[in-house]
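Novice:
Written out as structure tokens, the structure reads:
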């Protein structure tokens, strides 16, 4: 339970740093090395630490970055790596995100952020996909 | 390099099984246990092995599942966990995916699939985000 709470705490810190437009805090949350990546909503993947952090710097320094609230977060732990799935309340947009973390010493550091729009809603009690629904209808 | 090729091979096998509508092959690619998850394009997250596999079964048995070709795949390895970022050619849709794998014995097994639409194109040589672009413009 300790690891799960730690990972969820770092995930929360990511959204907190973003909302405070604190690029230095945000940079400290990302791993120092490794093959980092980021997919902003609707965008192609950005690969590499410098490129990922530059994208956040551009967003935060642009002045138009919204405050993001994270909710419905679940941590999925696999040893020294974990991913968190959460929803993002971001203005009027409905976003779902996958954030991947790696244990580095006694801290968890971010190595990937993938956020994308939710365009179809379904009650949680429904079957995952109706049989007459094509995956090509999902966009 | 061996691990990287292995992970990319399992990633390719996932798209191959999907395109052949081979639900049994697809099920064998997913981990037997652990906190599995899946985010189909535009959909909320599906959590849990049974729920994830049921969603693929519904898509594949629905008969409308398109053939998906995966390209531009890059493997990001962190010990016994790896994620792959790739594009999906899926009919007319432009999709980017994150697939997470965990080493189980001598095999890599899938634990998460997150696919979402690419709605904005940019040349790869451009800066990640223009300074006057807001993240709220990205959807």
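Residue numbers (the working numbering), protein chains in the order written: chain E, 17 to 155; chain F, 17 to 155.
Idealized CB from N, CA, C, for every residue including glycine.
(1) When the cut-off is 8 Å and only beta carbons count, does residue 59 (chain E) lie next to chain F?
(2) Taking only beta-carbon atoms, is residue 158 (chain E) less than 8 Å away from chain F?
(3) CA-CA distance, residue 143 (chain E) and residue 40 (chain E)?
(4) Just how far apart, CA to CA, sit residue 153 (chain E) and residue 72 (chain E)?
(5) Between the Cα of residue 20 (chain F) and the Cα atoms of F:91, F:31 and F:30, which residue gives the shortest distance?
(6) How many Å lie between residue 59 (chain F) and residue 48 (chain E) at the Cα?
(7) How long is the line joining the alpha carbons of residue 103 (chain E) and residue 97 (chain F), rounded to whole angstroms?
(8) Would you mind listing the beta strand (DSSP E) stretches within the region 87-113 of chain E that are 3+ residues and don't spill past its ends, in chain order?
(9) Quick check: the Cα distance between residue 76 (chain E) and residue 37 (chain F), rounded to an integer number of angstroms?
(10) For the putative contact between residue 132 (chain E) and residue 100 (chain E), defined by C-beta atoms under 8 Å, what is the C-beta separation to the nearest angstrom?
(11) Interface residues of chain F around residue 96 (chain E) at Cβ under 9 Å?
(12) As a quick exercise: from E:119, E:81 and E:25, pick the residue whose alpha carbon is nearest that of residue 107 (chain E).
(13) Which residues in the same chain as residue 169 (chain F) place their Cβ atom closer than 7 Å to its Cβ, once the five residues preceding and following it in sequence are excluded?
(14) Can you pull out the residues from the region 50-75 of chain E whose beta carbon lies closer than 7 Å to at least one beta carbon of chain F?
(15) Say whether chain F places a C-beta atom closer than 8 Å to the C-beta of residue 134 (chain E).
(16) Who are the neighbours of residue 35 (chain E) on chain F, taking C-beta pairs under 8 Å?
(17) Nearest to residue 87 (chain E) by CA position, among F:68, F:87, F:61 and F:79, is which residue?
(18) Which bits of chain F does residue 127 (chain E) rub up against, with CB to CB less than 9 Å?
(19) Residues in its own chain within less than 7 Å of residue 33 (chain E) by CB, not counting five upstream and five downstream?
(20) Excluding sequence positions up to five away, which residues of its chain have a Cβ less than 8 Å from the Cβ of residue 109 (chain F)?
(21) Enumerate in chain order the residues of its own chain whose CB-to-CB distance from residue 114 (chain F) is below 7 Å, with the five nearest sequence positions on each side excluded.
(22) Compare the Cα-Cα distances from residue 83 (chain E) to each of E:22, E:28 and E:23 and report the closest residue.
(23) Compare the Cα-Cα distances from residue 35 (chain E) to each of E:24, E:85 and E:66 and report the closest residue.
(24) Determine whether the Cβ of residue 23 (chain F) lies closer than 8 Å to any Cβ atom of chain E.
(25) Quick one: what does DSSP say residue 44 (chain E) is sitting in, helix, strand or coil?
(26) Using only the alpha-carbon positions, how far apart do residue 78 (chain E) and residue 53 (chain E) sit?
(27) In chain F, what lies closer than 7 Å to residue 112 (chain E) by C-beta?
Specialist: If we stick to the structure as given:
(1) yes
(2) Residue 158 (chain E) is absent from the structure shown; chain E starts at 17 and stops at 155.
(3) With a pLDDT of only 39 at residue 143 (chain E), under 50, the local geometry of the prediction cannot be trusted, and the value read off the model is given with reservation. Note on geometry: alpha-carbon atoms of residue 143 (chain E) and residue 40 (chain E) lie some 43 Å from one another.
(4) Unreliable positioning characterises residue 153 (chain E) in this predicted model, as indicated by a pLDDT of 48, which lies under 50. The coordinate reading is nonetheless provided below. Near 31 Å, if we compare the C-alpha coordinates of residue 72 (chain E) and residue 153 (chain E).
(5) For the residues F:91, F:31 and F:30, the minimum Cα distance to residue 20 (chain F) belongs to F:91.
(6) 32 Å
(7) Those two C-alpha atoms are separated by around 23 Å.
(8) Listed in chain order, they are 97-106.
(9) 43 Å
(10) Actually they are not in contact, since the Cβ atoms of residue 132 (chain E) and residue 100 (chain E) sit about 15 Å apart, beyond 8 Å.
(11) Neighbours of residue 96 (chain E) on chain F, chain order: 94, 95, 96 and 97.
(12) E:81
(13) Residue 169 (chain F) falls outside the range modelled here, since chain F spans only 17 to 155, and no answer is possible.
(14) 50, 51, 53, 55, 56, 57, 58, 59, 60, 61, 62, 63, 67, 70, 71, 74 and 75
(15) Yes, residue 134 (chain E) lies at the interface with chain F (some Cβ there is under 8 Å from its Cβ).
(16) Here the premise fails: no neighbours, minimum Cβ distance about 12 Å.
(17) F:61
(18) 92, 94 and 99
(19) 41, 42 and 45
(20) Within the same chain, residue 109 (chain F) has close Cβ partners 57 and 133.
(21) Excluding positions up to five away in sequence, the list reads 99, 101 and 130.
(22) E:28
(23) Considering only alpha carbons, the answer is E:85.
(24) no
(25) helix
(26) Rounded to the nearest angstrom, the two C-alpha atoms are 21 Å apart.
(27) Scanning chain F for C-beta atoms nearer than 7 Å to the C-beta of residue 112 (chain E) yields 55, 60 and 61, reported in chain order.
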